[in-house]
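Chain order of the listed sequences is A and B.
The opening position of the first sequence corresponds to residue 619 in the working numbering, with each subsequent residue numbered one higher.
The opening position of the second sequence corresponds to residue 0 in the working numbering, with each subsequent residue numbered one higher.
A virtual CB, placed ideally from N, CA and C, is assigned to each residue, including glycine.
Values in this document were obtained by computation on a predicted structure and should not be read as measured data.
Shown next, in structure tokens, is the structure this report addresses.
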Amino acid sequence: MSAKIHDPVDHAGAAAKFITDEAHLTFHDTRLWEMRQKRDGQMHGVPEWQELRDLASAIKEHTLSRLPEYLEQFEAQAIAHGVQVHWARDAAEHNAIVLRLLRENNAKTLVKSKSMLTEECEMAPFLERHGITLTETDLGERIQQLDNESPSHIVVPSVHKLRADVARVFAKTIGGDPNNTDATYLAEHCRVTTRPLMLDADAGMTGANFLVAETGAVVVCTNEGNADLSANLPKLHIVSAGIEKLIPRQADLGVFVRILSRSALGSPITQYTSHFRGPRDGAQMHIILVDNGRSKRLGQAEFWTSLKCIRCGACMNTCPVYRRSGGLSYGAVYSGPIGAIINPAYDPARYAALPFASTLNGSCTAVCPVKINIHEQLYAWRRIIAEGGLLPAQKALAMRVAGAVLASPTLYRLATAAARMAVRRLPRALLYNRLNGWGRDRELPTPPKESFAAWHARRKKAG
Amino acid sequence: MSARDDILAACRVSRPPGDHPLPELPRFPRPAEDVLSEFQRSLAVMGGQWLRLVEGDDLAAVIRARAPNGLIRSAVPELPAFPRVDAVTRPQDLENVDIAVVRARFGVAETGSVFLSDHELQVNTIAYLAQHLVVLLDPEAIVPGIADAYLRSDFSQARYVSLMTGPSATADIEGVLIRGAQGVRSLTVIFTP
Ligand code: SF4
Chain A
619 MSAKIHDPVD HAGAAAKFIT DEAHLTFHDT RLWEMRQKRD GQMHGVPEWQ
669 ELRDLASAIK EHTLSRLPEY LEQFEAQAIA HGVQVHWARD AAEHNAIVLR
719 LLRENNAKTL VKSKSMLTEE CEMAPFLERH GITLTETDLG ERIQQLDNES
769 PSHIVVPSVH KLRADVARVF AKTIGGDPNN TDATYLAEHC RVTTRPLMLD
819 ADAGMTGANF LVAETGAVVV CTNEGNADLS ANLPKLHIVS AGIEKLIPRQ
869 ADLGVFVRIL SRSALGSPIT QYTSHFRGPR DGAQMHIILV DNGRSKRLGQ
919 AEFWTSLKCI RCGACMNTCP VYRRSGGLSY GAVYSGPIGA IINPAYDPAR
969 YAALPFASTL NGSCTAVCPV KINIHEQLYA WRRIIAEGGL LPAQKALAMR
1019 VAGAVLASPT LYRLATAAAR MAVRRLPRAL LYNRLNGWGR DRELPTPPKE
1069 SFAAWHARRK KAG
Chain B
0 MSARDDILAA CRVSRPPGDH PLPELPRFPR PAEDVLSEFQ RSLAVMGGQW
50 LRLVEGDDLA AVIRARAPNG LIRSAVPELP AFPRVDAVTR PQDLENVDIA
100 VVRARFGVAE TGSVFLSDHE LQVNTIAYLA QHLVVLLDPE AIVPGIADAY
150 LRSDFSQARY VSLMTGPSAT ADIEGVLIRG AQGVRSLTVI FTP
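Structure, rendered in structure tokens:
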């Protein structure tokens, strides 16, 4: 995220707009809920599911508590296998390294698979400004790139679009029949237009799902085959990875690979689980290890465990607010519950609204495969934002509700229970009612009389 | 200080308090089903196909029948009739292949995945650029779970390994599942020792 001065994100306003389009809203909500249900189905097929979550959480907490040691071990392994390792303190350093590597290799075209980190670094616009032609090779990312929009979901980037939208975007940019909205036709059109770009590309880029300290392996989990082509066709393969992606042992993959795709898409595994340990003969492989705020978050007692996140998106799919407001309404790279706890760490004023984009029903925490206490961190951010006087004006009313509720543990528990019940029991007609934008009633009980200001004053005195 | 030293120092300063021991990984019990039928069932879930040769079947003929006029390349010694994958000079040159034949080192029953490294593939892109992939697998070489696969040393003997599970796929347009995204359109496992 850049250091530019931005207006605070108006999540409720953006969400209200999303909600007015019934067809999009209904599809979005239904599709994500279907992913959540498929995830549940997978979970029920794995008797040791809860033990795997405990293990995944413990392995990640262990690794994060010894991050310097594991980073050094990983680096040594990677170098021993002929990989060149680079370190970037922030987005600007990351982007500069990528540009330098491209220039040193006289590379003008770059094909790239999905990587939230490069989104975080705003790398694409940077490279384009410097004359690099960048092509997203994941279908959802490609659609978003051609439509000049950010990904709205970390796993399914164009989930907020209907097939007619895709047909329109393609017709405008890469040709094709604007009236043919058949999904197979559209995917095929993307295949035949993207493959030649991959075949000709000077360089390829991937993200990383896991970095194995013991072996130096970069593990990339994808479905479309685009990541493996982007990495294996050009002579230059660049990997961007956040420093929190480390895991200690190869055997730990036996835990994480079992839970990642099951949580994300509700499939037992991704079509491709690929392990890159060294360059092909005559090719180069580079890894950029990126901090960009992570080491700082590691030191925040209430928030460091958010670094356990494996970016499965399950918390987004289950979140009633996310499902009915769309990822773009968060105005940030990371949306949904995980975005609501990550983004404020970068810029609390700009993202002050996001921790309020939640019913605190705890569903995100319940599905998280690495057991991040997401709803408790949302609550902690609300407190920090309120105490810091960062509350955006449009949140005043909401805060009166949330504030009063949060002030009382009993009310908080009631609200959580009520929200859980509401999501389960509310008839469809009510859930889809236009007037029921989450910003209106956010499924909380009627607020008690005491105002947020009064509560805040009392709370401060109580110290 | 270099970026590297800065980042490592910052992580040291920020080290979360408390002891966070690395857990031992338990072996979880696997279903009673035999690994071969579990593998077949799992592979089908991920959109892959499989077939067993019967007495008198000729492997080359079975594969040729799938693309009578197509270009078939092989990375396995038992099919000398087909041009070899490693006969090309650039990974891009495999773009016109209709069917590629490779042999997996082992399979995983839990997910229907096959282990293919740069040794088996010869040229990594063959498994993606070909329109269709045929994978030979010894039915005796199937491990029960993903966790068992990761206890093997095969991963650290290669520069590139992919656990492939069915063909490339996408559901990015309205959740409609499409087999054949950027990689192969089909993956067929043939069980042969
Ligand atoms: S916070 Fe948990 S559920 Fe959400 S994306 Fe990260 S790992 Fe998945």
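Under 7 Å, Cβ to Cβ, is there at least one residue of chain B near Y890(A)?
The residue you call residue 890(A) lines up with position 272 of the first sequence. So yes, Y890(A) belongs to the interface.
Cβ neighbours of T753(A) in the same chain (closer than 6 Å, five flanking residues each side left out):
The residue labelled residue 753(A) in the question sits at position 135 within the first sequence. Cβ neighbours of T753(A) beyond the five flanking positions: V729 and L815.
For chain B, check one thing: does any of its Cβ atoms lie closer than 7 Å to the Cβ of I887(A)?
Sequence index remark: in the first sequence, residue 887(A) carries index 269 (1-based). Interface with chain B (7 Å Cβ-Cβ cutoff): I887(A) is included.
Any heavy atom of the ligand PLP closer than 6 Å to the Cβ of V830(A)?
What this structure holds is the ligand SF4, not the ligand PLP.
Quick one: what's got a C-beta closer than 8 Å to P897(A)'s C-beta in the same chain, skipping five residues either side?
Taking the first sequence and counting its residues from 1, one reaches residue 897(A) at position 279. Same-chain partners within the cutoff: G700, V701, H855 and M903.
Given that L150(B) touches chain A, what residues does it touch there, using C-beta distances under 9 Å?
On the second sequence, residue 150(B) is found 151 positions in, with the first residue counted as 1. Within chain A, the residues near L150(B) are Q868, A869 and G872.
Check the C-beta distance from L735(A) over to S858(A) and give it rounded, since I have them as a contact under 8 Å.
In the first sequence, residue 735(A) corresponds to position 117, counting from 1. In the first sequence, residue 858(A) corresponds to position 240, counting from 1. That pair is a contact at about 5 Å.
Identify the contact partners of V784(A) in chain B, using a Cβ-Cβ distance below 7 Å as the criterion.
Locating residue 784(A) in the first sequence gives position 166, counting from the first residue. Think of a sphere of 7 Å around the beta carbon of V784(A): the chain B residues whose beta carbon falls inside it are I172, in chain order.
Taking 6 Å as the cut-off, is the CB of V988(A) close to at least one heavy atom of the ligand SF4?
Locating residue 988(A) in the first sequence gives position 370, where the first residue counts as 1. With a threshold of 6 Å, the Cβ atom of V988(A) counts as near the ligand SF4, since some heavy atom of the ligand is closer than that.
Between V875(A) and chain B, is any beta-carbon pair separated by less than 7 Å?
By 1-based counting over the first sequence, the position of residue 875(A) is 257. Chain B, which has a Cβ nearer than 7 Å to the Cβ of V875(A), makes this yes.
Within-7 Å CB hit, F27(B) to chain E:
The question asks about chain E, but that chain is absent: this structure's protein chains are A and B.
Pick out the complete alpha helix (DSSP H) segments inside the segment 710-748 of chain A, 4 residues or longer, and give them in chain order.
Runs found: 734-738 and 741-747.
Please check the pair D708(A) and N910(A), which I expect to be a contact at CB under 8 Å, by giving their CB distance rounded to whole angstroms.
In the first sequence, residue 708(A) corresponds to position 90, counting from 1. In the first sequence, residue 910(A) corresponds to position 292, counting from 1. With 8 Å as the limit, D708(A) and N910(A) qualify as a contact, their Cβ atoms being about 5 Å apart.
Hey, which unbroken runs of the beta strand (DSSP E) at 3 residues or more fall wholly within the segment 881-953 of chain A?
Those beta strand (DSSP E) runs which fall completely within the segment 881-953 of chain A and span 3+ residues are 890-894 and 902-908.
Hey, does S683(A) have any beta-carbon neighbour from chain B nearer than 7 Å?
The residue given as residue 683(A) occupies position 65 in the first sequence. For S683(A), the answer is yes, since a Cβ of chain B falls inside 7 Å of its Cβ.
So, helix, strand or coil for E652(A), using DSSP?
Here residue 652(A) refers to the residue found at position 34 when the first sequence is read from its first residue. Reduced to three states, the DSSP call for E652(A) is helix.
Along chain B, in chain order, which residues have C-beta atoms closer than 7 Å to that of G896(A)?
Sequence index remark: in the first sequence, residue 896(A) carries index 278 (1-based). Against G896(A), the close residues of chain B are R158, in the order they occur along the chain (beta-carbon pairs closer than 7 Å).
In chain B, which residues lie less than 9 Å from S776(A) when you measure between Cβ atoms?
Numbered from its first residue, the first sequence carries residue 776(A) at position 158. Near S776(A) (Cβ distances below 9 Å), the residues of chain B are D171 and I172.
Who are the Cβ neighbours of G631(A) in its own chain at under 6 Å, not counting the five residues just before and after it?
Your numbering for residue 631(A) matches position 13 in the first sequence. Once the five neighbours on either side are set aside, G631(A) has no close Cβ partner at all.
Within 10 Å of its beta-carbon, does D4(B) have 16 or more other beta-carbons around it, so buried, or fewer, so exposed?
Taking the second sequence and counting its residues from 1, one reaches residue 4(B) at position 5. Result: exposed.
Chain A residues whose Cβ lies nearer than 7 Å to that of T164(B)
As a position in the second sequence, residue 164(B) is number 165, starting the count at 1. Residues of chain A passing the Cβ test: I887 and Q889.
Between which two residues does the beta strand (DSSP E) containing V101(B) stretch?
Sequence index remark: in the second sequence, residue 101(B) carries index 102 (1-based). I98 to R102 is the extent of the beta strand (DSSP E) around V101(B).
Determine the chain B residues that contact T727(A) at a beta-carbon separation under 7 Å, and present them in chain order.
Locating residue 727(A) in the first sequence gives position 109, where the first residue counts as 1. Chain B residues near T727(A): none, gap ~13 Å exceeds 7 Å.
The segment 78-93 of chain B: which residues have C-beta closer than 7 Å to a C-beta of chain A, in chain order?
Hits within the stretch, in order: P90 and Q91.
Which value, in whole angstroms, describes the spacing of the CA atoms of V664(A) and S1(B)?
If you number the first sequence from 1, residue 664(A) lands on position 46. If you number the second sequence from 1, residue 1(B) lands on position 2. Looking at the two C-alpha atoms, the distance is approximately 46 Å.
Below 7 Å between beta carbons: does that hold for A725(A) and I906(A)?
Here residue 725(A) is taken as the residue at index 107 of the first sequence, counted from 1. Here residue 906(A) is taken as the residue at index 288 of the first sequence, counted from 1. No, the Cβ-Cβ distance between A725(A) and I906(A) is not below 7 Å.
Contact under 7 Å by Cβ, R178(B) with P166(B):
Residue 178(B) sits at position 179 when you count from the first residue of the second sequence. Residue 166(B) sits at position 167 when you count from the first residue of the second sequence. The beta carbons of R178(B) and P166(B) sit closer together than 7 Å.
Can you tell me whether DSSP reads I6(B) as helix, strand or coil?
The sequence position of residue 6(B) within the second sequence is 7, counting from 1. In the three-state reduction of the DSSP assignment, I6(B) falls in the helix class.
So what does W49(B) bridge to, in DSSP terms?
In the second sequence, residue 49(B) corresponds to position 50, counting from 1. W49(B) pairs with V188(B).
Can you tell me where the alpha helix (DSSP H) holding F867(A) begins and where it ends?
To locate residue 867(A), count along the first sequence from 1; it is residue 249. Here residue 867(A) is Arg; the residue named in the question, Phe, does not match the sequence. Note, R867(A): premise wrong, no alpha helix (DSSP H); not H, not E.
Any heavy atom of the ligand SF4 within a distance shorter than 6 Å of the CB on R929(A)?
Position 311 of the first sequence holds residue 929(A). Yes, the beta carbon of R929(A) sits closer than 6 Å to at least one heavy atom of the ligand SF4.
Going by Cα to Cα distance, which pick from T169(B), Q121(B), A80(B) and T164(B) is closest to Q39(B)?
On the second sequence, residue 39(B) is found 40 positions in, with the first residue counted as 1. The candidate whose alpha carbon is nearest that of Q39(B) is T164(B).
Determine, using beta carbons only, whether L24(B) comes closer than 7 Å to chain A.
As a first step, residue 24(B) is located in the second sequence; it is residue number 25 there, counting from the start. Yes, its Cβ sits closer than 7 Å to a Cβ of chain A.
Kindly indicate which three-state DSSP category Q702(A) falls into: helix, strand or coil?
Numbered from 1 along the first sequence, position 84 holds the residue referred to as residue 702(A). The answer is strand: DSSP assigns Q702(A) an E or B state.
For G980(A) and chain B, any beta-carbon pair shorter than 7 Å?
Numbered from 1 along the first sequence, position 362 holds the residue referred to as residue 980(A). For G980(A), the closest Cβ of chain B is not nearer than 7 Å.
Could you tell me which of A967(A), R657(A), E832(A) and E679(A) sits nearest to V627(A), measuring between CA atoms?
Residue numbering aside, residue 627(A) sits at position 9 when the first sequence is read from its first letter. The residue with the shortest Cα to Cα distance from V627(A) is A967(A).
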